[in-house]
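**Student:** Just so you know, my numbering puts the end of the sequence shown at 255, numbered straight through with nothing missing.
One structure coming up, written as structure tokens, with questions to follow.
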Amino acid sequence: MIAPSIPEMRFFSKMGSHLLDLLYPPTCAVCDAALKDGRALCDDCSDDLPQLREPFCESCGEMFSGQIDDTFECPNCRDLSFSFEFARPAMVRDDRTLELIHRLKYGREIHLGKELGRLATLAFNDPRFLIALENSWPLVPVPLHRKRLRHRHFNQAEEIALAVASHTGLPMLKALRRTRQTDTQTLLSRKQRMENLRGAFEINRRGRKWLDSRKDGVILIDDVLTTGSTVNECAKTLRKAGFRKVIVVTVMRG
């Protein structure tokens, strides 16, 4: 049996969603309240999900719970050198947000990509994004390996990036290819994650074509930032290919 393509999955998901809406009114993915506007979350639940607020680490977005009057780097980042300018999660770690991400990734609830992308767009309120917005830096989703993509049928980072693109007007550029399937990162230390991902990405034909005319910067999109190992390896690949700057946006800080 031939697996459906990603556009086909989106089409059938949309058609199925319309049919289900006729039979069963859509409900909030968190509280099950009835919805009327095509959203996946009600306004109350959306507003209640905890956003990243200052003060937070200027490198990785780790939020600081005490009082501080200036920008700072957390102890985890202080002695590290990243290939990206900074990483900016939109939300802090929360079980409800994490469940939405898991339902997208593992439950194949593709419609949640739009809602998670809308949440990720909140990160662009950070004034550090002004140069990227003014110069229309492209959104680059972190890629899946082709075997994992074949199994899952879609890339959650791409679904999130598509929604961010619709909210910001920025172009999406699938500039990276994953060259090998890496071991799961869940139980690995930061050092082990970095070693596990070394050389796992390369620039693809789309990325090289973009670089023929523009080299200023890109915005890397992923679902969760934990140690930053994945996005740092992606950023290293993008920088090595010729992009001058890389900014990272994720839905949530892990």
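For glycine and all other residues, C-beta sits at the position ideal for the given N, C-alpha and C.
These numbers come from a predicted model, not from an experiment.
So who's on the other strand from D48, going by DSSP bridges?
**Tutor:** Its beta-bridge partners do not exist; DSSP assigns none.
**Student:** Report yes or no: do three or more beta-carbon pairs, one from the stretch 106-118 and one from the stretch 150-165, lie closer than 8 Å?
**Tutor:** A contact exists between the stretch 106-118 and the stretch 150-165.
**Student:** Short check: CB of F85 to CB of A242, under 9 Å?
**Tutor:** Not a contact, by the Cβ cut-off of 9 Å.
**Student:** If the criterion is Cβ atoms closer than 9 Å, does the pair F73 and F65 meet it?
**Tutor:** Result yes, Cβ atoms of F73 and F65 sit closer than 9 Å.
**Student:** Where do the N-terminal and C-terminal ends of the beta strand (DSSP E) with K246 fall, by residue?
**Tutor:** Where K246 is concerned, the enclosing beta strand (DSSP E) stretches over 246-254.
**Student:** Do P90 and A124 have their beta-carbon atoms positioned less than 9 Å apart in this structure?
**Tutor:** Contact flag set, yes.
**Student:** State the start and end residues of the unbroken beta strand (DSSP E) segment that holds R89.
**Tutor:** Looking at the DSSP string, the run of the beta strand (DSSP E) that includes R89 is 87-92.
**Student:** Which residues does DSSP list as the beta-bridge partners of E203?
**Tutor:** For E203, which the question treats as bridged, DSSP gives the partners R178.
**Student:** With 16 as the cutoff for other CB atoms within 10 Å, does S190 come out buried or exposed?
**Tutor:** Result: exposed.
**Student:** Leaving out five residues before and five after M2 in sequence, what residues of the same chain have Cβ atoms less than 8 Å from its Cβ?
**Tutor:** At M2, the pLDDT of 46 sits below 50, so the modelled position is not reliable and the matter cannot be decided from this model.
**Student:** Under three-state DSSP, which class holds F130?
**Tutor:** Here F130 sits in helix by DSSP.
**Student:** So, for R149: in the same chain, excluding its five sequence neighbours on each side, which residues have a beta-carbon less than 7 Å away from its beta-carbon?
**Tutor:** The answer, listed in chain order, is Q182.
**Student:** Using DSSP bridges, identify the partner residues of A35.
**Tutor:** Looking at the DSSP assignment, A35 forms a beta bridge with T28.
**Student:** Going by alpha carbons, who is nearest to C43 out of F202, G170, E116?
**Tutor:** Of F202, G170, E116, the residue nearest in Cα terms is E116.
**Student:** Quick one: what's got a C-beta closer than 7 Å to A201's C-beta in the same chain, skipping five residues either side?
**Tutor:** For A201, where only same-chain residues beyond five positions count, the Cβ hits under 7 Å are R179, T180, R181, T183, E234.
**Student:** Across which residues does DSSP place D96 in a beta bridge pair?
**Tutor:** DSSP, once it has assigned bridges, lists no residue as partnering D96.
**Student:** By Cβ distance below 7 Å, which residues in the same chain neighbour P27 in space, the five residues on each side in sequence not counted?
**Tutor:** Cβ within range, chain order: L36.
**Student:** Alpha carbons only, please: which of H112, S167, F87 is nearest the one belonging to G39?
**Tutor:** With distances taken between Cα atoms, G39 lies closest to H112.
**Student:** For T231 and R199, I'd like the C-alpha separation in whole angstroms.
**Tutor:** About 9 Å.
**Student:** Determine the burial state of I220: buried for a count of at least 16 other Cβ atoms within 10 Å of its Cβ, exposed for fewer.
**Tutor:** With 16 or more other Cβ atoms within 10 Å, it is buried.
**Student:** Just checking my contact of A121 with T251 at CB under 8 Å: how many whole Å lie between their CB atoms?
**Tutor:** So it is a contact: roughly 7 Å between Cβ atoms.
**Student:** Do L174 and G208 count as a contact pair if the criterion is CB distance below 9 Å?
**Tutor:** The answer is yes: Cβ separation under 9 Å.
**Student:** Quick check: what's the CA-CA separation for P139 versus A34?
**Tutor:** Between P139 and A34, the C-alpha separation is close to 36 Å.
**Student:** With a threshold of 6 Å on Cβ separation, who are the neighbours of C46 within its own chain once the five nearest residues in sequence on each side are excluded?
**Tutor:** These residues qualify, in order along the chain: C29, V31, C32.
**Student:** Give me, in chain order, the residues of the same chain whose beta-carbon lies closer than 8 Å to that of N205; leave out the 5 immediate sequence neighbours on both sides.
**Tutor:** K175, A176, L177, R178, listed in sequence order.
**Student:** Who are V232's beta bridge partners in DSSP?
**Tutor:** Partner(s): none; V232 has no beta bridge.
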